[in-house]
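In the order they appear, the protein sequences are chains A and F. Residue numbers for the first sequence follow this note's numbering, beginning at 109 and rising by one. Residue numbers for the second sequence follow this note's numbering, beginning at 4 and rising by one. All C-beta atoms in this analysis are idealised placements derived from N, C-alpha and C, irrespective of residue type, glycine included. Here the structure is laid out as structure tokens; the discussion comes afterwards.
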Amino acid sequence: MRNDLEPFFRPRHIAIVGVTRSESSFGGLSFLQKLQESSFPGTLYCINPRATEIRGLPAYPNLSSLPLVPDLAMVCVAAAHVPTVLEECGRIGLRYIHILTSGFKEIGTEQGRQLEEQIASIAKGKGLLIIGPNCMGPYCPASGLTAWGAIPGAPGPLGVISQSGSITQRLTEYAYSLGIGTDKAVSVGNGTVLDTLDFLEFMGQDEGIRVIALYIENMRDGRRFFELAREISKRKPIIAWKGGKTEVGARTAASHTGGMAGEQVIWEAVFRQTGVIQVNSLDEWMDAVFAFAFLPPPSTRGVFLIGGGGGSSVVSSDTCIHEGLDVPSPSSATMEKLRETVPAAGSIAGNPLDDWQTFVSPDYLGTILDLVCREPAMGMVIVTRLIARKAFHMSSQPDSIPATIEQVKQRGNRKPVVFVVDSEGGDSDLAAQGASLRAEFGRGGIPAYPSVKRAARALIHLYRYYNRLDQIKTLDW
Amino acid sequence: MDGRRFFELAREISKRKPIIAWKGGKTEVGARTAASHTGGMAGEQVIWEAVFRQTGVIQVNSLDEWMDAVFAFAFLPPPSTRGVFLIGGGGGSSVVSSDTCIHEGLDVPSPSSATMEKLRETVPAAGSIAGNPLDDWQTFVSPDYLGTILDLVCREPAMGMVIVTRLIARKAFHMSSQPDSIPATIEQVKQRGNRKPVVFVVDSEGGDSDLAAQGASLRAEFGRGGIPAYPSVKRAARALIHLYRYYNRLDQIKTLDW
Numbered sequence: 109m110r111n112d113l114e115p116f117f118r119p120r121h122i123a124i125v126g127v128t129r130s131e132s133s134f135g136g137l138s139f140l141q142k143l144q145e146s147s148f149p150g151t152l153y154c155i156n157p158r159a160t161e162i163r164g165l166p167a168y169p170n171l172s173s174l175p176l177v178p179d180l181a182m183v184c185v186a187a188a189h190v191p192t193v194l195e196e197c198g199r200i201g202l203r204y205i206h207i208l209t210s211g212f213k214e215i216g217t218e219q220g221r222q223l224e225e226q227i228a229s230i231a232k233g234k235g236l237l238i239i240g241p242n243c244m245g246p247y248c249p250a251s252g253l254t255a256w257g258a259i260p261g262a263p264g265p266l267g268v269i270s271q272s273g274s275i276t277q278r279l280t281e282y283a284y285s286l287g288i289g290t291d292k293a294v295s296v297g298n299g300t301v302l303d304t305l306d307f308l309e310f311m312g313q314d315e316g317i318r319v320i321a322l323y324i325e326n327m328r329d330g331r332r333f334f335e336l337a338r339e340i341s342k343r344k345p346i347i348a349w350k351g352g353k354t355e356v357g358a359r360t361a362a363s364h365t366g367g368m369a370g371e372q373v374i375w376e377a378v379f380r381q382t383g384v385i386q387v388n389s390l391d392e393w394m395d396a397v398f399a400f401a402f403l404p405p406p407s408t409r410g411v412f413l414i415g416g417g418g419g420s421s422v423v424s425s426d427t428c429i430h431e432g433l434d435v436p437s438p439s440s441a442t443m444e445k446l447r448e449t450v451p452a453a454g455s456i457a458g459n460p461l462d463d464w465q466t467f468v469s470p471d472y473l474g475t476i477l478d479l480v481c482r483e484p485a486m487g488m489v490i491v492t493r494l495i496a497r498k499a500f501h502m503s504s505q506p507d508s509i510p511a512t513i514e515q516v517k518q519r520g521n522r523k524p525v526v527f528v529v530d531s532e533g534g535d536s537d538l539a540a541q542g543a544s545l546r547a548e549f550g551r552g553g554i555p556a557y558p559s560v561k562r563a564a565r566a567l568i569h570l571y572r573y574y575n576r577l578d579q580i581k582t583l584d585w
Numbered sequence: 004m005d006g007r008r009f010f011e012l013a014r015e016i017s018k019r020k021p022i023i024a025w026k027g028g029k030t031e032v033g034a035r036t037a038a039s040h041t042g043g044m045a046g047e048q049v050i051w052e053a054v055f056r057q058t059g060v061i062q063v064n065s066l067d068e069w070m071d072a073v074f075a076f077a078f079l080p081p082p083s084t085r086g087v088f089l090i091g092g093g094g095g096s097s098v099v100s101s102d103t104c105i106h107e108g109l110d111v112p113s114p115s116s117a118t119m120e121k122l123r124e125t126v127p128a129a130g131s132i133a134g135n136p137l138d139d140w141q142t143f144v145s146p147d148y149l150g151t152i153l154d155l156v157c158r159e160p161a162m163g164m165v166i167v168t169r170l171i172a173r174k175a176f177h178m179s180s181q182p183d184s185i186p187a188t189i190e191q192v193k194q195r196g197n198r199k200p201v202v203f204v205v206d207s208e209g210g211d212s213d214l215a216a217q218g219a220s221l222r223a224e225f226g227r228g229g230i231p232a233y234p235s236v237k238r239a240a241r242a243l244i245h246l247y248r249y250y251n252r253l254d255q256i257k258t259l260d261w
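Pasting the structure below:
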């Protein structure tokens, strides 16, 4: 049981070891600054033997001279000094340590390799729990621990474990902007002492986390990953992005975190057999998180498309089918109902449904959703929401998003419903409008995507995950 | 569609200018909808794909892919090889950018030893990665530095194209806000006379409307400067492989005197 990692995310006293007085490059000072900006509720201690005060805080020459033993040390000194700091942590009984510093195994030198071995052996000898080196460390908005990523961020269902600091930062920011909070995130870097697997086991047990997003470059113990992932996948989705799948990617991964990435084909088999959802880009990762955070299990792979024009309806069907969804014909009872309200000319009654009334009247959209809910073949719904603009012959509409969200919510999340709001291109007003519409849906608990392709990809991930769970239960696997 | 006439027209025109086609109604349901939309029956997917392949028509499958290809063909010279040099945005991003480019059909060749030597002179040893992809924060802050890197790439026969990731400074990252260096960056690319296709990636995804607006105007600024800029490496790579395949086919046709 990996139940000793919680303190990394709930520190009240943090020592930042190696805070320079002026900003030269990225390091301890930037961490201090971010924690101050986000009003970290605990106490921050700066360690710098050549300073007495930094950014309004007293500076201490070393960890031993602090008035108490901090809960967490963030180590930012140059690589060569890291072992000395760790020895001191051991002496004063400071067990929770994050090492930001890079310049270890990942730079490919003998000295780097030796320093990293020293970290491992000191940790073992003194019983230290270490995140890193070469990483951004822990992140937890609920306890104000936001030295990076979305600041201040918000608590929520997401857990992130990543071998890349920049990718983790970006995901927390991306999710936050769409109304999905993060419970805990950790950038593990070289994973010398604690690695991805330790945090996977921990987040698997953590009831606050409903969706786990994983970025992996390499893995020391494939068997343990397999067993953990298989167990956890039965309880919550693990959405994994494997970096270094191609030979070149793997070569870069070796310089990045110092490990060798395994064979693509093995990884794909492992993900398939353990029920891990595999994605291949930042957007696909986020799109899947969005779906899993908010949507109920779909009953079938059939999707009902509420469209945006004739041509768009044609290609939306193509896209959904290409992504693995079905676009079933409505039953004759539904078709009869549709023909009562859908104009005969200029619209298309059917699936996809192309009917301008769905854009302008949330109530009308509601009645259509009722029809779809009664159709056993339709497991999910994609609604395209156009933004009124000059290029189209649409008059500007009063904002109907709150009423639209209300219509969807009233139907109690029985079937997954997502929206598509396209705002592509170099028009910054349109881009801003699209982003805020998608965020408004997100804050309302409804995923909204910039394209049908991305919506369809997220929904097929959702369908496959829950469909596999059903099969496992039937087999009592 | 009169298939035979389309075939002949497309084959001739494709030799002179790119035709970027999006075929709606490729799936059975799509075709059913197309029948209600314009009253014609859409042909078989497999026939269309063969026609596009044989005539050199560039086939796309979404609005974004269509626009992304138009952006590339409107501005870029023919690439000499399918090798791309990636100027990156962080270690993890460099890893996945390579994966993405290779997945889309591009190559990510290793730099020659002469170039590696040059890179090691300027790229910091810790926290950066010298090579292809190149992960070096100096490329974000100094257009001149980016220019010297582009010079190195221009001399590498294996590198046919360049993708540069341009991060937007913001709270989530430990980046201080930079003065706007886009005009200087465009200037650096233009000075090198469009010898190799150079595109930018500016990611501004998500629900933050300020970020979205900033990303859209940065991409538009590059576009007005004659340089394609995309919201993701995936989309940049897809556009570049279309570009490569089109011109590569033209070369083969010329050789065969087809």
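Neighbour list for residue i in chain F, Cβ cutoff strictly below 7 Å
i	result
residue 573 of chain A	Result: empty, since nearest Cβ-Cβ is about 22 Å, beyond 7 Å.
residue 130 of chain A	The premise fails here: residue 130 of chain A is roughly 13 Å from chain F at the closest Cβ pair, so nothing lies under 7 Å.
residue 138 of chain A	177
residue 323 of chain A	95
residue 134 of chain A	177
Below-8 Å beta-carbon distance, residue i vs any chain F residue
i	result
residue 439 of chain A	no
residue 271 of chain A	yes
residue 445 of chain A	no
residue 196 of chain A	no
residue 430 of chain A	yes
residue 266 of chain A	no
residue 282 of chain A	yes
residue 143 of chain A	no
residue 508 of chain A	no
residue 435 of chain A	yes
residue 542 of chain A	yes
Contact set for residue i: own chain, Cβ-Cβ below 6 Å, skip 5 residues either direction
i	result
residue 349 of chain A	323, 387 and 393
residue 88 of chain F	135, 156, 162 and 165
residue 272 of chain A	323
residue 160 of chain A	167
residue 377 of chain A	none
residue 229 of chain F	78
For residue i, the residue or residues it bridges with in DSSP
i	result
residue 292 of chain A	A/267
residue 588 of chain A	Since the first and last residues shown for chain A are 109 and 585, residue 588 of chain A lies out of range.
residue 410 of chain A	A/434
residue 428 of chain A	According to DSSP, which records beta bridges pairwise, residue 428 of chain A is partnered with nothing at all.
Chain-ordered neighbours of residue i on chain A, where CB pairs are closer than 7 Å
i	result
residue 29 of chain F	426
residue 111 of chain F	356
Any chain A beta carbon closer than 8 Å to residue i
i	result
residue 36 of chain F	yes
residue 66 of chain F	yes
residue 103 of chain F	yes
residue 222 of chain F	yes
residue 226 of chain F	yes
residue 136 of chain F	yes
Neighbour list for residue i in chain F, Cβ cutoff strictly below 8 Å
i	result
residue 275 of chain A	93, 95, 96 and 99
residue 287 of chain A	210
Contact list for residue i against chain F, beta-carbon separation under 9 Å
i	result
residue 448 of chain A	Residues of chain F passing the Cβ test: none, with the nearest at roughly 17 Å.
residue 532 of chain A	66, 67, 70, 219 and 234
Neighbour list for residue i in chain A, Cβ cutoff strictly below 8 Å
i	result
residue 132 of chain F	360, 363 and 364
Close Cβ partners of residue i (< 8 Å) along its chain, the five nearest in sequence each way excluded
i	result
residue 233 of chain F	71, 74, 202, 203, 204, 205, 222, 239 and 242
residue 54 of chain F	6, 9, 10, 13 and 60
residue 171 of chain A	123, 125, 155, 178, 181, 193, 196, 197, 200 and 202
Residues near residue i by beta carbon distance below 7 Å, same chain, minus five either side
i	result
residue 115 of chain A	179 and 204
residue 93 of chain F	138
The ligand SAH heavy atom lying under 7 Å from the CB of residue i
i	result
residue 293 of chain A	Absent from the structure shown: the ligand SAH. Ligands present: none.
Query raised in the report: Which residues, in chain order, does the region 546 to 574 of chain A contribute to contact with chain F at a C-beta distance below 7 Å?
Result: 546, 547, 550, 559 and 561
Query raised in the report: Taking any Cβ of chain A, which residues in the region 235 to 250 of chain F have a Cβ under 7 Å from it, in chain order?
Result: 235 and 237
Query raised in the report: Can you list, in chain order, the residues of the region 342 to 361 of chain A whose Cβ is nearer than 9 Å to any Cβ on chain F?
Result: 349, 350, 351, 352, 353, 354, 355, 356, 357, 358, 359, 360 and 361
Query raised in the report: Taking any Cβ of chain F, which residues in the region 234 to 248 of chain A have a Cβ under 7 Å from it, in chain order?
Result: none
Query raised in the report: Between the region 200 to 224 of chain F and chain A, which residues of the former have CB atoms less than 9 Å from a CB of the latter, in chain order?
Result: 206, 207, 208, 209, 210, 211, 212, 213, 214, 215, 216, 217, 218, 219, 220, 221, 222, 223 and 224
Report task. Would you list, in chain order, the members of the region 207 to 222 of chain A that have their beta-carbon closer than 7 Å to a beta-carbon of chain F? Result -> 210, 211 and 215
Query raised in the report: Using a beta-carbon distance cut-off of less than 9 Å, what residues from the region 452 to 464 of chain A approach chain F?
Result: 456, 457, 458, 459, 460 and 462
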